[in-house]
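So the structure is just underneath, and the comments pick up after that.
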Amino acid sequence: MIAAYLQALSDALGFDRALAQRVRQEVEDHLCEAVTADPASDRRAAEQRAIANFGDPHALAAQFAMVALAKQSRRVAMAVVAVVAAVFLLMKARLAWYGVMQWPIGDDMRALSETVLAIDRYAFWLAVVVGTGAWVYLGAGFATWQAAHCRRLRRFVLLGGAATAALAVSVIGDGVLTALRLSDIDFSARFALPLLSMAIEIAGAAFLAVQICRTARRVSATAALLDA
Amino acid sequence: MLKGHLDLIVLAALAAGPAHGYAVIEEIRRRSRDAFDLPEGTIYPALHRLEAAGLLAGRWVTADTGRRRRVYTLTRRGERALAERRAVWQQFSDAIGGLLAAAQPSRKPA
Numbered sequence: 084m085i086a087a088y089l090q091a092l093s094d095a096l097g098f099d100r101a102l103a104q105r106v107r108q109e110v111e112d113h114l115c116e117a118v119t120a121d122p123a124s125d126r127r128a129a130e131q132r133a134i135a136n137f138g139d140p141h142a143l144a145a146q147f148a149m150v151a152l153a154k155q156s157r158r159v160a161m162a163v164v165a166v167v168a169a170v171f172l173l174m175k176a177r178l179a180w181y182g183v184m185q186w187p188i189g190d191d192m193r194a195l196s197e198t199v200l201a202i203d204r205y206a207f208w209l210a211v212v213v214g215t216g217a218w219v220y221l222g223a224g225f226a227t228w229q230a231a232h233c234r235r236l237r238r239f240v241l242l243g244g245a246a247t248a249a250l251a252v253s254v255i256g257d258g259v260l261t262a263l264r265l266s267d268i269d270f271s272a273r274f275a276l277p278l279l280s281m282a283i284e285i286a287g288a289a290f291l292a293v294q295i296c297r298t299a300r301r302v303s304a305t306a307a308l309l310d311a
Numbered sequence: 010m011l012k013g014h015l016d017l018i019v020l021a022a023l024a025a026g027p028a029h030g031y032a033v034i035e036e037i038r039r040r041s042r043d044a045f046d047l048p049e050g051t052i053y054p055a056l057h058r059l060e061a062a063g064l065l066a067g068r069w070v071t072a073d074t075g076r077r078r079r080v081y082t083l084t085r086r087g088e089r090a091l092a093e094r095r096a097v098w099q100q101f102s103d104a105i106g107g108l109l110a111a112a113q114p115s116r117k118p119a
């Protein structure tokens, strides 16, 4: 009977294996303790009582999922702000490096680069504003596991997704500008800084995209548990 | 009403020392003299939430039975949060006590 209860709880949390495993172990320990402490000699009746006292597995799974989701969302919010800040620093480092190396953009590419630079700038500042907004939005009020909070997390995912999309446009812009600048220069070890910084920017944007998608899936799964 | 004070109740139960979920529930029952008959399962999401907020620290241990068990301890932040919530509760309790005392009907002889 306990095994079936634990299985129902694990299945409800199947979208997050680590959480399902942790909850299963904790609840199993609790139920076994409760059965041992039950003065009734009938084990089956003791198990029934322990399960009844513990509560509905789906309702509990929803509460566990909300707590885990809130924690994950907070981490993602911090990651959005950190990656945006890192991209800004890398852009500045690259520009400083171009100044030291005296690598201007060729005249034939200037018009194109100015257009790309404008798109890059607007996209980056949009990422800053929306990303910071997502972080602040999530930070204000944080402790419930009601459906209203789930809706709040869904809106946070939308904001985080918008910030990540804007950042991706900015990173693509950075990539195009880097390519335009380096296209007329012979390849050498001095390319290491711009190429490495671009690789870090791309990895950062990809990481955020993966995290936002994962959070969005968990929001949907948690909302389904709350609605059940 | 009780749900709104669940964090305070759990933090207070853990003030006595580290404990696993079942022991926390037993401690709540014992110290409240069975006044708080919470659905036992609701304590665990609260423990997870308080741990995520940094008010509790959890670690896995192996019990004598061989089962894995998560033991929770109040962190410094948790101790501070408990002290703050206790002060707020005391203030609220005093205020209500004063209000109810003042509201007692006076019985003057006719």
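So the protein lines, in turn, are chains A and B.
Counted the way this note's numbering counts, the first sequence spans residues 84 to 311.
Counted the way this note's numbering counts, the second sequence spans residues 10 to 119.
All C-beta atoms, glycine included, are put in the ideal place defined by N, C-alpha and C.
Keep in mind that this is a model prediction, so the values were computed, not measured.
Cβ separation of residue i and residue j, assumed to be a contact under 8 Å, to the nearest whole Å
i: Ser93(A); j: Leu173(A); result: Actually they are not in contact, since the Cβ atoms of Ser93(A) and Leu173(A) sit about 42 Å apart, beyond 8 Å.
i: Arg77(B); j: Gly63(B); result: Arg77(B) to Gly63(B), Cβ: 23 Å. No contact.
i: Leu291(A); j: Val211(A); result: No, Leu291(A) and Val211(A) are not in contact; Cβ-Cβ is about 14 Å, not under 8 Å.
i: Val19(B); j: Ala55(B); result: 5 Å
i: Leu309(A); j: Cys233(A); result: 6 Å
i: Leu242(A); j: Ala217(A); result: 4 Å
i: Val150(A); j: His57(B); result: 4 Å
i: Leu276(A); j: Trp180(A); result: 5 Å
i: Leu221(A); j: Ala148(A); result: With 8 Å as the limit, Leu221(A) and Ala148(A) do not qualify as a contact, their Cβ atoms being about 17 Å apart.
i: Ile134(A); j: Tyr88(A); result: 5 Å
DSSP bridge partner residues for residue i (one or two, in chain order)
i: Thr82(B); result: Ala66(B)
i: Arg77(B); result: Thr71(B)
i: His29(B); result: Val80(B)
Residue-level contact to chain B via CB, residue i, 8 Å cutoff
i: Phe137(A); result: yes
i: Leu309(A); result: no
i: Asp239(A); result: First, the amino acid is wrong: residue 239(A) is Phe here, not Asp. No, its Cβ sits nowhere closer than 8 Å to a Cβ of chain B.
i: Gln146(A); result: yes
i: Glu130(A); result: no
i: Leu152(A); result: no
i: Leu236(A); result: no
i: Leu86(A); result: It is worth fixing the name first, because residue 86(A) is Ala in this sequence and not Leu. It does not: the Cβ of Ala86(A) has no partner Cβ on chain B nearer than 8 Å.
i: Ala299(A); result: no
i: Ala165(A); result: no
i: Ala226(A); result: Caution applies to Ala226(A), whose pLDDT of 49 falls short of 50 and renders its modelled position unreliable; the value that the coordinates give is listed next. Chain B contact via Cβ: present.
i: Leu143(A); result: yes
i: Ala304(A); result: no
i: Ala117(A); result: yes
Chain A contact for residue i (CB, 8 Å cutoff)
i: Pro27(B); result: no
i: Gly50(B); result: yes
i: Ala61(B); result: yes
Sequence-distant residues of the same chain with beta carbon closer than 8 Å to residue i, five excluded per side
i: Arg126(A); result: Val118
i: Ser102(B); result: none
i: Cys115(A); result: Ile85
i: Ala24(B); result: Leu83, Glu88 and Leu91
i: Val33(B); result: Val19, Ala22, Leu23, Ile52, Leu56 and Tyr81
i: Arg300(A); result: Phe98
Neighbourhood of residue i by C-beta distance below 7 Å, restricted to the same chain and skipping five residues each side
i: His14(B); result: none
i: Ala129(A); result: Val118, Asp121 and Ala123
i: Glu284(A); result: Val170, Leu173, Val254 and Asp257
i: Gly214(A); result: Val163, Val164, Val167 and Ala246
i: Gly106(B); result: none
i: Arg193(A); result: none
i: Ile188(A); result: Ser196, Leu263 and Arg264
i: Pro27(B); result: Val80, Tyr81 and Thr82
Same chain, Cβ closer than 6 Å to residue i, five either side skipped, listed in chain order
i: Tyr53(B); result: Gly30
i: Val302(A); result: Leu236, Arg237 and Val240
i: Ala91(A); result: Pro140
i: Thr247(A); result: Leu291, Ala292 and Ile295
i: Ala66(B); result: Thr82 and Thr84
i: Ala201(A); result: none
i: Arg38(B); result: none
i: Arg94(B); result: Leu17
i: Ala304(A); result: Phe98
i: Glu49(B); result: Ile34
Members of the region 102-115 of chain A that neighbour chain B once the beta carbon cut-off is set at 8 Å: Listed by position, the residues of the region 102-115 of chain A near chain B (Cβ gap below 8 Å) are Arg105, Val106, Gln108, Glu109, Val110, Glu111, Asp112, His113 and Cys115.
Chain-ordered residues of the region 13-45 of chain B with a beta carbon less than 9 Å from chain A: Asp16, His29, Gly30, Tyr31, Ala32, Ile34 and Glu35
Residues of the region 84-95 of chain B whose Cβ lies closer than 8 Å to any Cβ of chain A, in chain order: none
Residues from the region 69-85 of chain B in contact with chain A, defined by Cβ distance under 9 Å: Listed in sequence order: Trp69, Ala72, Thr74, Arg76, Arg77, Arg78 and Arg79.
Chain-ordered residues of the region 199-213 of chain A with a beta carbon less than 7 Å from chain B: none
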